[in-house]
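Engineer: Just so you know, the protein sequences line up as chains A and B, in that order.
My numbering puts the first residue of the first sequence at 1, with every later residue one more than the last.
My numbering puts the first residue of the second sequence at 438, with every later residue one more than the last.
There are 2 protein chains.
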Amino acid sequence: MKVHEQLEIQSFDQSQITTKLKFYQEEHRRLTVLFNITRNISTELKIDKLLLILMDEVKKALKADRCTVFLLNRDKLELWSKVAHGEREIRFPSHLGIAGYVATTGDVLNIPDAYADPRFNREIDKKTGYHTKNMLTFPMRNKLGDIIGVFQVLNKYEGSFTHDDEQLLDAISVISATQIENAQLYEEQKTTFDSFIETLASTIDARDPLTAGHSHRIALYADAIAEVMNMSPRKRDVLRYAALLHDYGKIAIREAVLTKNGRLTVEEYAHIQEHPAYTKSILERINFHGDYRSIPVIAGAHHEKIDGTGYPEGMKGEEIPLESRILAVADVFDALTSVRHYRDRMDFERVLSILDRDAGTHFDTDCVNAFKKLKLDVLIKILEYDVHQLLDPKELKQVANYNVRQLLQARASEEKNGEEKIIADIFEKYYNKKYSH
Amino acid sequence: MKVHEQLEIQSFDQSQITTKLKFYQEEHRRLTVLFNITRNISTELKIDKLLLILMDEVKKALKADRCTVFLLNRDKLELWSKVAHGEREIRFPSHLGIAGYVATTGDVLNIPDAYADPRFNREIDKKTGYHTKNMLTFPMRNKLGDIIGVFQVLNKYEGSFTHDDEQLLDAISVISATQIENAQLYEEQKTTFDSFIETLASTIDARDPLTAGHSHRIALYADAIAEVMNMSPRKRDVLRYAALLHDYGKIAIREAVLTKNGRLTVEEYAHIQEHPAYTKSILERINFHGDYRSIPVIAGAHHEKIDGTGYPEGMKGEEIPLESRILAVADVFDALTSVRHYRDRMDFERVLSILDRDAGTHFDTDCVNAFKKLKLDVLIKILEYDVHQLLDPKELKQVANYNVRQLLQARASEEKNGEEKIIADIFEKYYNKKYSH
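Right, here's the structure in full:
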């Protein structure tokens with residue numbers, strides 16, 4: 001887009017002026033559309049949401065009924081998109097169909113009558129029940145000119161797509177590509193960081209065979225409890241990282257002590273008890289920002305107890321961050337229900353009676369109560385996290401409306417009704433099952 | 438900015454039309470400016486560069502001589518900025534001066550005659566030699582209305598700043614704030630990730646007291662060698678991560694073996710030699726993107742040798758990634774020059790003769806040659822990384838024009854000239870000095 005020179009108004013006659021006025025009005029509309037689109041997409045760094053906003057904006061700008069934005073994945077040679085309504089993703093090989101043709105050649109395809117064009121695939125309309133009249137398919141290029149995706153706009157409300165529409169889409173293309181690439185960089189960085197922390201957590205757990213998978217499970221339990229307690233998504237994200245990292249300090253504990261079979265000496269026990277303090281001091285060296293700054297404190301306080309008898313600080317009650325109080329419940333529950341090489345899982349009633357007994361002294365009673373509201377499908381999926389591919393989806397669905405408290409009632413009931421029997425049996429099957437693998 | 442309704446041109450007389458035309462021309466200029474600014478800032482996710490681009494764009498848009506953009510750091514209660522020419526940063530308490538007033542109150546300050554206004558601080562002009570005539574100081578607000586910074590525009594070329602300038606800056610403010618916040622999020626994420634990896638590297642090193650600081654130093658040596666070899670900044674970034682993570686696999690090596698004093702058995706030695714393979718397989722579980730995908734392979738090949746006698750793969754020559762060949766030199770040099778509890782550093786000539794002897798069998802000769810081109814100030818700073826605050830900047834400057842090869846010549850010379858004596862003495866002082874700390 002060029003800056004058009006200002007005109008000397010005086011030197012024009014009426015018809016020239018009205019022509020100019022029309023031109024500026026049209027340019028004004030076009031720039032306003034572009035500016036608004038820019039503003040609306042520029043705050044979004046989540047790819048999925050960004051695509052939905054973009055599709056909506058393009059649809060409005062071109063006065064059309066539908067718009068799909070496909071992104072090109074060069075590694076997988078795929079085009080993919082989000083479907084605006086419903087969470088479904090579309091993926092197909094990047095050379096297929098009209099979108100694939102445009103992604104491959106960079107040509108613009110403006111098809112005024114879809115059913116009269118041999119390139120149009122009627123099968124898609126047949127499947128979806130939609131009737132395509134006209135369509136504009138346009139490559140999305142970044143500043144370097146590389147094609148990073150494709151716009152497909154369907155059914156202009158009046159007439160078919162014009163050259164002006166193509167020009168507008170050309171300008172939208174560059175802005176969109178920039179924001180999409182920013183969002184991709186941001187998301188890539190985040191997924192790398194997340195997978196890094198998850199890998200770290202499992203290598204820490206792996207040092208002690210007794211705790212394999214522990215950090216992942218505690219992260220899942222803590223998040224599930226936090227959800228029951230209506231914690232905000234941001235805080236849950238922080239809690240998840242703190243959970244994954246809570247045992248990081250174990251790296252500073254001598255292996256011989258960590259993996260000792262048999263009773264620990266007083267000294268050895270004291271050495272192991274140093275791990276949350278190490279967790280805190282190591283994590284404090286990381287340059288966390290914003291809400292994430294509380295991660296070292298949260299992770300370092302997972303062995304504190306409500307009555308002040310925990311370690312390393314001996315914090316009491318609400319001095320202990322809520323997130324750490326959640327971790328405490330998750331940590332103990334996972335320790336008690338883990339399958340150890342020398343024994344099966346502890347009896348479920350006994351596990352729960354320990355949580356109940358220590359609520360108000362070790363544990364925050366609210367957190368224990370929240371734990372008892374966990375739905376059974378959620379609970380089973382975490383308990384059996386390392387073999388989650390062996391779970392039966394139908395059975396999970398059957399128990400999805402029942403929580404831990406209701407399970408305990410069902411198990412305790414002497415004369416179980418049908419429902420009670422079903423949920424008790426399904427839970428028992430997974431809780432005490434020996435998988436053959 | 439609102440979309441103004443399209444006008445029915447026919448119904449206006451000449452003067453109405455020319456008024457409308459002027460309006461649209463002005464709007465057109467304004468929107469074009471905004472759109473261009475948006476396009477120019479939107480591709481930049483590095484805060485420093487973004488600030489420089491933004492200051493330049495605002496200056497042009499408002500037809501003024503200077504523009505500074507200050508960002509508000511709410512944690513430190515500071516305003517800070519980059520100075521356009523030179524690398525210097527400005528930082529001051531966020532309540533001071535005119536910028537501080539605007540950041541605190543959110544008021545716009547349009548001062549047509551700076552020297553007639555008591556709020557203007559003449560001292561700054563005195564120091565800089567600049568003569569401020571008029572100034573517009575404007576809060577930068579994000580979409581939520583929070584002030585995140587301040588624009589300060591100086592010396593409009595013609596007249597003083599107008600209400601239109603203020604309105605234009607108001608629109609620029611929101612776009613800028615969005616991009617700045619995106620860039621901040623991106624940079625925060627990156628600094629968190631970087632410090633996480635650095636912390637991880639030092640916790641890995643700390644498991645074996647003999648290798649304290651090793652991962653940091655190997656990253657510095659490797660980067661210095663890569664710089665001599667003209668490797669691209671992107672590849673150097675990848676190499677730096679690979680260097681920091683090259684010994685990650687040691688987490689899977691039994692502590693008793695890792696820290697054993699005295700001779701290792703054949704089995705123990707074989708167990709230690711498993712660490713690069715562990716490094717690779719653990720890092721492969723991380724979801725790296727783009728160029729970073731080569732990190733596991735690079736890090737996992739740091740014990741390969743040019744002649745194929747290395748491990749774990751026995752790769753030969755250029756089968757070994759160049760980055761790994763650099764790591765091999767850096768790794769061995771650091772091992773030989775580390776101060777161990779049972780001995781001082783190995784004699785420097787002996788270290789270099791080992792590199793020379795093994796160039797072409799263990800090491801890539803080009804990498805060894807590049808190593809010998811390292812400047813001595815760089816070398817000393819890495820050798821003495823853990824006590825870098827004790828280094829004398831004057832001495833470092835004195836040796837900064839000499840490289841390792843020249844140092845060896847100087848040390849070997851029987852009748853040293855003045856320069857040779859100086860560099861040999863300074864190097865010797867640091868290489869074999871016992872610090873009192």
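Think of the CB as a built atom: it goes at the ideal place given N, C-alpha and C, for glycine as much as any other residue.
Here the structure is a predicted model, which means the values were calculated and not measured.
Report the residue ranges of all alpha helix (DSSP H) runs contained in full by the segment 271 to 347 of chain A; include only those spanning at least 4 residues, in chain order.
Structural biologist: The qualifying runs are 275 to 283, 295 to 300, 322 to 337.
Engineer: For ASN473 of chain B, report the span of its beta strand (DSSP E) as first-last.
Structural biologist: As a working mapping, residue 473 of chain B is identified with position 36 in the second sequence. Looking at the DSSP string, ASN473 of chain B is not in any beta strand (DSSP E); the run it does join, the alpha helix (DSSP H), is 451 to 479.
Engineer: Whose C-alpha, out of B:LEU682, B:LEU573, B:LEU764, B:ARG511, is nearest the C-alpha of LYS496 of chain B?
Structural biologist: Translated into the one-based positions of the second sequence, residue 496 of chain B becomes position 59. Among B:LEU682, B:LEU573, B:LEU764, B:ARG511, the Cα nearest to that of LYS496 of chain B is on B:LEU573.
Engineer: Roughly how far, in whole angstroms, is the beta-carbon of ILE47 of chain A from the beta-carbon of GLN184 of chain A, given that I think they are within contact range, below 8 Å?
Structural biologist: Translated into the one-based positions of the first sequence, residue 47 of chain A becomes position 47. Translated into the one-based positions of the first sequence, residue 184 of chain A becomes position 184. Confirmed, about 6 Å.
Engineer: Along the segment 515 to 541 of chain B, where does the CB come closer than 8 Å to a CB of chain A? Name the residues.
Structural biologist: So the list is empty, because no residue satisfies the distance condition.
Engineer: Our contact map puts GLY534 of chain B next to ASN558 of chain B with C-beta atoms below 8 Å; I'd like the distance itself, whole angstroms only.
Structural biologist: Position 97 of the second sequence, counted from the first residue, corresponds to residue 534 of chain B. Position 121 of the second sequence, counted from the first residue, corresponds to residue 558 of chain B. With a Cβ gap of about 6 Å, GLY534 of chain B and ASN558 of chain B count as contacting.
Engineer: Are there 16 or more other CB atoms within 10 angstroms of the CB of SER790 of chain B, so buried, or fewer, so exposed?
Structural biologist: Position 353 of the second sequence, counting from 1, holds the residue named residue 790 of chain B. When all chains shown are included, SER790 of chain B counts as exposed.
Engineer: When you compare the CB positions of ASP307 of chain A and THR361 of chain A, do they come within less than 8 Å of one another, or not?
Structural biologist: Locating residue 307 of chain A in the first sequence gives position 307, where the first residue counts as 1. Locating residue 361 of chain A in the first sequence gives position 361, where the first residue counts as 1. Contact flag set, yes.
Engineer: Would you say TYR221 of chain A lies against chain B (beta-carbon separation less than 8 Å)?
Structural biologist: Numbered from its first residue, the first sequence carries residue 221 of chain A at position 221. Output row for TYR221 of chain A: interface = no.
Engineer: Closest Cβ-Cβ distance between SER42 of chain A and chain B: below 8 Å?
Structural biologist: Position 42 of the first sequence, counted from the first residue, corresponds to residue 42 of chain A. Interface residue, yes.
Engineer: Scan the segment 180 to 192 of chain A for residues whose Cβ lies nearer than 7 Å to a Cβ of chain B and list them as they occur along the chain.
Structural biologist: Of all residues in the segment 180 to 192 of chain A, ASN182, LEU185, TYR186, GLU188, GLN189, LYS190, THR191, THR192 have a Cβ within less than 7 Å of some Cβ in chain B.
Engineer: Using a beta-carbon distance below 8 Å, is GLU178 of chain A in contact with chain B?
Structural biologist: Stepping through the first sequence from its first residue, residue 178 of chain A is reached at position 178. Correcting the residue type first, residue 178 of chain A is Thr in the shown sequence and not Glu. Output row for THR178 of chain A: interface = yes.
Engineer: Hey, how far is the Cα of GLU304 of chain A from the Cα of VAL368 of chain A?
Structural biologist: Translated into positions along the first sequence, residue 304 of chain A becomes position 304. Translated into positions along the first sequence, residue 368 of chain A becomes position 368. Rounded to whole angstroms, GLU304 of chain A to VAL368 of chain A spans 15 Å at the Cα level.
Engineer: Is there a C-beta anywhere in chain B that falls below 8 Å from the one on ILE147 of chain A?
Structural biologist: Residue 147 of chain A sits at position 147 when you count from the first residue of the first sequence. So, not an interface residue.
Engineer: With a threshold of 8 Å between beta carbons, is VAL3 of chain A in contact with chain B?
Structural biologist: Working through the first sequence from its first residue, we reach residue 3 of chain A at position 3. Reliability fails at VAL3 of chain A, whose pLDDT of 39 lies under 50, so the model's placement of it is uncertain and the value that follows must be treated cautiously. Interface residue, yes.
Engineer: Based on the DSSP secondary-structure assignment, which residues constitute the bridge partners of VAL506 of chain B?
Structural biologist: Numbered from 1 along the second sequence, position 69 holds the residue referred to as residue 506 of chain B. VAL506 of chain B pairs with B:PHE588.
Engineer: Apply the 10 Å Cβ neighbour rule to TYR715 of chain B and answer buried if 16 or more other Cβ atoms are within range, or exposed otherwise.
Structural biologist: By 1-based counting over the second sequence, the position of residue 715 of chain B is 278. That one is buried.
Engineer: Would you check if the distance between the CB atom of LEU488 of chain B and the CB atom of SER518 of chain B is smaller than 8 Å?
Structural biologist: Locating residue 488 of chain B in the second sequence gives position 51, where the first residue counts as 1. Locating residue 518 of chain B in the second sequence gives position 81, where the first residue counts as 1. Cβ distance < 8 Å, so LEU488 of chain B and SER518 of chain B count as in contact.
Engineer: Got a sec: is the Cβ-Cβ distance from GLN443 of chain B to anything in chain A below 8 Å?
Structural biologist: For the purposes of this step, residue 443 of chain B is taken as residue 6 along the second sequence, with counting starting at 1. In this prediction, GLN443 of chain B scores a pLDDT of 45, lower than 50, which makes its location untrustworthy; the coordinate-derived value is nonetheless stated afterwards. So yes, GLN443 of chain B belongs to the interface.
Engineer: Does ASN724 of chain B have its Cβ less than 8 Å from a Cβ in chain A?
Structural biologist: Start at 1 with the first residue of the second sequence, and residue 724 of chain B comes out as number 287. Yes, ASN724 of chain B counts as interfacial toward chain A.
Engineer: What are the uninterrupted segments assigned as alpha helix (DSSP H) that are 4 or more residues long and contained completely in the segment 639 to 702 of chain B, given in chain order?
Structural biologist: Correct list: 651 to 665, 670 to 682, 692 to 695.
Engineer: Using 8 Å as the Cβ pair cut-off and three pairs as the minimum, do the segment 240 to 253 of chain A and the segment 211 to 227 of chain A touch?
Structural biologist: The segment 240 to 253 of chain A is in contact with the segment 211 to 227 of chain A.
Engineer: Have a look at A:ALA424, A:GLU319, A:ASP358 and flag the residue whose alpha-carbon is nearest the alpha-carbon of VAL329 of chain A.
Structural biologist: In the first sequence, residue 329 of chain A corresponds to position 329, counting from 1. Minimum Cα distance to VAL329 of chain A is reached at A:ASP358.
Engineer: So is HIS465 of chain B buried or exposed if we call it buried at 16+ other beta carbons inside 10 Å?
Structural biologist: If you number the second sequence from 1, residue 465 of chain B lands on position 28. Answer is buried; the Cβ neighbour count reaches 16.
Engineer: Could you work out which residues of chain A lie near THR636 of chain B, taking near to mean beta carbons separated by less than 7 Å?
Structural biologist: Along the second sequence, read from residue 1 onward, the residue named residue 636 of chain B stands at position 199. Ordered by position in chain A, the residues that pass the 7 Å Cβ test against THR636 of chain B are ILE282, ARG285, ILE286.
Engineer: Out of B:ALA638, B:SER610, B:GLY586, B:PRO830, which one is the CA nearest neighbour of ALA498 of chain B?
Structural biologist: For the purposes of this step, residue 498 of chain B is taken as the residue at position 61 of the second sequence. Per the Cα distances, B:SER610.
Engineer: Does the beta carbon of THR648 of chain B come closer than 8 Å to any beta carbon on chain A?
Structural biologist: Within the second sequence, residue 648 of chain B is the residue found at index 211, counting from 1. By this cut-off, THR648 of chain B is not an interface position.
Engineer: Measure the C-alpha to C-alpha separation of LYS22 of chain A and ASP164 of chain A and round it to an integer number of angstroms.
Structural biologist: Translated into positions along the first sequence, residue 22 of chain A becomes position 22. Translated into positions along the first sequence, residue 164 of chain A becomes position 164. Going by the C-alpha atoms only, they are around 14 Å apart.
Engineer: Taking its Cβ as the centre, do 16 or more other Cβ atoms sit within 10 Å of ILE423 of chain A, making it buried, or is it exposed?
Structural biologist: By one-based count along the first sequence, residue 423 of chain A stands at place 423. With 16 or more Cβ atoms within 10 Å of its Cβ, ILE423 of chain A is classed as buried.
Engineer: Starting from the N-terminal side, write out each stretch of the alpha helix (DSSP H) that is 4 residues or longer and does not extend beyond the segment 820 to 848 of chain B.
Structural biologist: 830 to 836, all fully within the segment 820 to 848 of chain B.
Engineer: Kindly indicate the opening and closing residues of the alpha helix (DSSP H) around LEU487 of chain B.
Structural biologist: In the second sequence, residue 487 of chain B corresponds to position 50, counting from 1. From DSSP, the alpha helix (DSSP H) with LEU487 of chain B extends over 484 to 498.
Engineer: What span of residues does the beta strand (DSSP E) with GLU415 of chain A cover, start to end?
Structural biologist: Here residue 415 of chain A refers to the residue found at position 415 when the first sequence is read from its first residue. It is not in any beta strand (DSSP E) - GLU415 of chain A carries neither H nor E in the DSSP assignment.
Engineer: With DSSP as the reference, label TYR867 of chain B as helix, strand or coil.
Structural biologist: Here the question's residue 867 of chain B lines up with position 430 in the second sequence. Helix.
Engineer: Does the beta-carbon distance from ASP814 of chain B to VAL836 of chain B come in below 8 Å?
Structural biologist: Within the second sequence, residue 814 of chain B is the residue found at index 377, counting from 1. Within the second sequence, residue 836 of chain B is the residue found at index 399, counting from 1. Their beta carbons are under 8 Å apart, which means ASP814 of chain B touches VAL836 of chain B by this criterion.
Engineer: Is it the case that the Cβ atoms of ARG842 of chain B and LYS818 of chain B are separated by a distance below 8 Å?
Structural biologist: Start at 1 with the first residue of the second sequence, and residue 842 of chain B comes out as number 405. Start at 1 with the first residue of the second sequence, and residue 818 of chain B comes out as number 381. No, the Cβ-Cβ distance between ARG842 of chain B and LYS818 of chain B is not below 8 Å.
Engineer: List the residues that DSSP assigns as beta-bridge partners of ILE111 of chain A.
Structural biologist: The count along the first sequence starts at 1 and reaches residue 111 of chain A at position 111. For ILE111 of chain A, which the question treats as bridged, DSSP gives the partners A:MET135.
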